[in-house]
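J.: Can you read through this structure? Questions will come right after.
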Amino acid sequence: TFQIVRKRVLSDSSEDRDTEEALKEFDFLVTSDDGDGESRSSGDGTDWGKTTEDMFQPQSYIKQSKQGWGKMMEQSTGKWPNRSKLQDMLANLRDVDDLPSLQPSVAPSSRPSSSRLIEHEINRTDEVEALTFPPSSGKSFIMGTDEALENELGLGELAGLTVANEADSLTYDIANNKDALRKTWNPKFTLRSHFDGIRGLAFHPVEPVLITASEDHTLKMWNLQKTAPAKKSASLDVEPIYTFRAHNGPVLCVVMSSNGEQCYSGGMDGLIHGWNTTNPNIDPYDSYDPSVLRGAFVGHTDAVWGLVYSGAHQRLLSCSADGTIRLWKATEIAPALNIFNDNQEMGIPSSVDLVSSDPSLMVASFNSGHTSIFNMETRQRILTLESNVDTTVSSSCQINRVISHPTLPISITAHEDRHIKFYDNNTGKLIHSMVAHLDAVTSLAVDPNGLYLMSGSHDCSIRLWNLESKTCIQEFTAHRKKFDESIHDVAFHPSKCYIASAGADALAKVFV
1 TFQIVRKRVL SDSSEDRDTE EALKEFDFLV TSDDGDGESR SSGDGTDWGK
51 TTEDMFQPQS YIKQSKQGWG KMMEQSTGKW PNRSKLQDML ANLRDVDDLP
101 SLQPSVAPSS RPSSSRLIEH EINRTDEVEA LTFPPSSGKS FIMGTDEALE
151 NELGLGELAG LTVANEADSL TYDIANNKDA LRKTWNPKFT LRSHFDGIRG
201 LAFHPVEPVL ITASEDHTLK MWNLQKTAPA KKSASLDVEP IYTFRAHNGP
251 VLCVVMSSNG EQCYSGGMDG LIHGWNTTNP NIDPYDSYDP SVLRGAFVGH
301 TDAVWGLVYS GAHQRLLSCS ADGTIRLWKA TEIAPALNIF NDNQEMGIPS
351 SVDLVSSDPS LMVASFNSGH TSIFNMETRQ RILTLESNVD TTVSSSCQIN
401 RVISHPTLPI SITAHEDRHI KFYDNNTGKL IHSMVAHLDA VTSLAVDPNG
451 LYLMSGSHDC SIRLWNLESK TCIQEFTAHR KKFDESIHDV AFHPSKCYIA
501 SAGADALAKV FV
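With the UniProt record's numbering applied, the sequence shown covers 1 to 512.
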């Protein structure tokens with residue numbers, strides 16, 4: 001139909017003039033510059049050959065509307081704030097002198113002229129600043145300065161507390177707040193490499209290293225910082241970094257030298273072996289080093305149940321089922337310097353320790369229920385601690401462990417009849433006695449500061465005691481029973497936050 005109309009316009013010249021006049025009425029829609037073929041520049045009617053799609057596109061009208069819109073924006077009372085004004089507003093809000101310049105953003109060519117929208121955008125400048133300018137220290141974007149924030153929150157003097165003040169506050173009355181400040185121990189590592197019960201353990205004096213002695217005839221050295229994720233649990237596994245082999249039977253006790261360079265082990269074979277401890281970072285798959293084994297201290301004729309090292313004199317004390325206590329020079333593989341209780345006057349020794357308040361003295365416990373203090377140089381028995389035991393019942397009066405308090409002249413004993421007892425080394429009098437466990441108490445350890453006592457028992461539990469109040473402050477089950485035995489030994493690390501336990505279930509556990 002459009003082609004028919006076009007032909008009629010071209011053929012009828014009389015009607016062409018009327019059509020030209022009618023079309024001129026619509027020339028206001030476009031300009032000559034914008035037409036580009038869309039407007040009628042002549043009256044010959046040839047431009048009518050354009051398609052209807054080109055004819056009816058309102059592009060020129062849209063462009064003209066944009067220009068009018070821009071003029072309206074310039075005349076509008078609610079003008080859009082420029083960048084410098086926005087910076088001034090942000091600077092006033094934050095109360096800072098040097099405000100970083102805003103990054104130019106990509107904005108559309110036209111902006112709404114509604115004053116309500118502009119006002120809304122200005123009120124949202126806090127969000128813009130929060131993204132572009134993180135608050136500096138000492139200032140709060142919302143509240144202003146620190147003083148304004150303190151006043152708003154009502155903190156008062158509390159707002160002035162610092163980390164240093166908090167640390168100082170811990171010392172205001174530590175004597176009356178020990179329980180509030182005490183540590184709660186939690187299991188960290190389970191050491192699983194032994195094949196039989198673990199009888200003894202000893203920490204390195206400085207490093208996070210532990211040595212365990214087992215009934216499987218071996219000792220193992222563990223670096224607690226060499227961990228790997230466990231295969232079946234979320235905990236960390238620790239593998240031994242070295243295994244010491246020389247004993248011909250179960251290894252019953254182990255002790256380390258004060259510098260950590262040597263360790264000593266006693267076994268069922270009656271031998272005491274001296275070892276050079278390996279580097280804690282040794283490769284577990286390195287070849288065997290024969291220099292690790294220093295040699296054997298020979299003299300006992302039965303199992304060696306206890307060892308203690310004297311750093312002051314570089315001496316080694318041992319107690320054996322043969323009834324004797326022997327003093328050795330730790331730096332030499334040589335016969336014993338002194339022998340105590342060789343006539344078994346006190347019974348069979350079960351445990352021995354150095355008297356911390358006097359390094360020339362030692363304290364030893366016996367299966368008869370007696371505890372005595374000896375002078376290591378003169379071999380004289382100086383004092384026998386008050387026992388009040390019924391010697392006719394030997395099984396119930398046996399003492400399994402004796403230790404000396406690190407700072408006070410006190411000896412502490414662990415008994416087969418479930419008791420823990422405290423003695424005064426000066427008078428030999430019993431200071432305190434308490435039923436501590438549900439089964440025999442097998443092991444004791446005091447922390448290096450002398451504030452807490454740890455005890456292990458065949459009732460499968462470890463208990464932590466406040467030495468001042470003699471009350472239990474923590475208990476946890478650590479090991480399972482094997483042949484009616486459970487926990488054989490416990491220990492505090494001398495300088496790090498570790499405790500450890502040795503069990504008849506072939507496990508050693510470390511707590512932090």
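Just so you know, even glycine gets a beta-carbon here, dropped at the ideal spot from N, CA and C.
Over the uninterrupted beta strand (DSSP E) stretch that includes Glu475, give me the two end residues.
T.: Per DSSP, Glu475 belongs to the beta strand (DSSP E) from 471–477.
J.: According to DSSP, is Leu383 helix, strand or coil?
T.: Note: Leu383 maps to strand in three-state DSSP.
J.: Specify the secondary structure class of Ser136 as computed by DSSP and reduced to three states.
T.: Residue confidence for Ser136 is low, a pLDDT of 42 falling below 50, so the modelled location carries little weight; the figure read from the coordinates is stated next. Three-state DSSP puts Ser136 in coil, outside helix and strand.
J.: Keeping to the same chain, check which residues put their C-beta closer than 6 Å to that of Ser310; ignore five residues upstream and five downstream.
T.: Correct list, in chain order: Leu354.
J.: Given Lys470, which residues of its chain have a CB within under 7 Å of its CB, disregarding the five upstream and five downstream residues?
T.: Excluding positions up to five away in sequence, the list reads His432, Met434.
J.: Going along the chain, which residues of its own chain have a beta-carbon closer than 6 Å to the beta-carbon of Ser443, five neighbours each way excluded?
T.: For Ser443, where only same-chain residues beyond five positions count, the Cβ hits under 6 Å are Arg401, Gly456, Asp489, Val490.
J.: Can you tell me which of the three DSSP states Pro335 falls into?
T.: Three-state result, Pro335: coil.
J.: Comparing alpha-carbon positions, which option in Thr371, Val441, Ser372 lies nearest Glu459?
T.: Before going on, a small fix: residue 459 reads as Asp here, not Glu. For the residues Thr371, Val441, Ser372, the minimum Cα distance to Asp459 belongs to Val441.
J.: Apart from the five residues just before and just after Ser357, which ones in its own chain have a Cβ nearer than 6 Å to its Cβ?
T.: Correct list, in chain order: Pro409.
J.: Check Val441 in the structure and name its three-state DSSP category.
T.: Reduced to three states, the DSSP call for Val441 is strand.
J.: Note down the Cα distance separating Glu239 from Tyr285, rounded to an integer number of angstroms.
T.: Rounded to the nearest angstrom, the two C-alpha atoms are 12 Å apart.
J.: What residues are listed by DSSP as bridge partners for His273?
T.: Looking at the DSSP assignment, His273 forms a beta bridge with Ser265, Ala296.
J.: Are three or more beta carbon pairs between the segment 336–343 and the segment 411–420 nearer than 8 Å?
T.: No contact exists between the segment 336–343 and the segment 411–420.
J.: Buried or exposed for Gln262, please, with buried defined as at least 16 other CB atoms from any protein chain shown within 10 angstroms of its CB.
T.: By the 10 Å Cβ count, Gln262 comes out buried.
J.: If I measure Cβ to Cβ from Asn271 and keep anything under 6 Å in the same chain, skipping five residues before and after, which residues do I get?
T.: According to the sequence shown, residue 271 is Leu rather than Asn. So the list reads Ala296, once near-sequence residues are dropped.
J.: Going by DSSP, name the residue or residues bridged to Val251.
T.: Paired residue(s): Gly267.
J.: Note the first and the last residue of the continuous beta strand (DSSP E) segment covering His432.
T.: Note, His432: beta strand (DSSP E), 430–435.
J.: Suppose you measure from the CA of Asp88 to the CA of Val512; what does that come to, to the nearest Å?
T.: Rounded to whole angstroms, Asp88 to Val512 spans 56 Å at the Cα level.
J.: Please name the residue, chosen from Pro335, Asn276, Thr378, Tyr452, that lies closest to Leu361 on a Cα-to-Cα basis.
T.: When each option's Cα is compared against that of Leu361, the closest is Thr378.
J.: Using DSSP bridges, identify the partner residues of Pro240.
T.: For Pro240, which the question treats as bridged, DSSP gives the partners Trp222.
J.: Buried or exposed for Gly323, going by 16 or more other Cβ atoms inside 10 Å?
T.: Classification of Gly323: buried, given that the 10 Å Cβ count is 16 or more.
J.: What would DSSP say about Cys319, mapped onto helix, strand or coil?
T.: It is a strand residue.
J.: Under the three-state reduction of DSSP, which class applies to Leu408: helix, strand or coil?
T.: In this structure, Leu408 counts as coil in the three-state DSSP scheme.
J.: Could you check whether Gly266 and Leu307 sit closer than 8 Å to each other, using their CB atoms as the reference points?
T.: Their beta carbons are under 8 Å apart, which means Leu307 touches Gly266 by this criterion.
J.: To the nearest whole angstrom, what separates the beta carbons of Ala506 and Ile198, a pair I think is in contact under 8 Å?
T.: Sure, about 6 Å apart at Cβ, within 8 Å.
J.: Have a look at Pro448, Gln314, Ser461 and flag the residue whose alpha-carbon is nearest the alpha-carbon of Pro205.
T.: Selected option, being the one with the closest Cα: Pro448.
J.: Have a look at Met256 and Leu201 and give me their C-alpha separation to the nearest angstrom.
T.: Met256 and Leu201: Cα-Cα distance of roughly 9 Å.
J.: Grouping DSSP H, G and I as helix and E and B as strand, with all else coil, what is Lys85?
T.: It is helical.
J.: Rounded to a whole number of angstroms, what is the C-alpha to C-alpha distance between Asn248 and Leu293?
T.: Cα-Cα distance, rounded: 14 Å.
J.: Tell me whether Arg463 is buried or exposed, calling it buried when 16 or more other Cβ atoms sit within 10 Å of its Cβ.
T.: Arg463 should be labelled buried.
J.: Distance, Cα to Cα, Ile241 vs Ser193?
T.: Answer to the nearest angstrom: the Cα atoms are 11 Å apart.
J.: Quick one: residues in its chain with C-beta nearer than 6 Å to the C-beta of Trp465, no 5 flanking neighbours on either side, listed in chain order?
T.: Here the set comprises Leu453, Cys472.
J.: Thinking just about the alpha-carbon of each residue, which of His493, Lys85, Thr190, Arg245 is nearest to the one in His217?
T.: For His217, the nearest C-alpha among the options comes from Arg245.
J.: By how many angstroms is the C-alpha of Gly260 removed from the C-alpha of Gln398?
T.: So the two alpha carbons sit approximately 32 Å from each other.
J.: By alpha-carbon positions, which one of Lys329, Cys319, Thr278, Glu475 ends up nearest to Met268?
T.: With distances taken between Cα atoms, Met268 lies closest to Cys319.
J.: Give me, in chain order, the residues of the same chain whose beta-carbon lies closer than 6 Å to that of Gln225; leave out the 5 immediate sequence neighbours on both sides.
T.: Once the five neighbours on either side are set aside, the close Cβ partners of Gln225 are Pro208.
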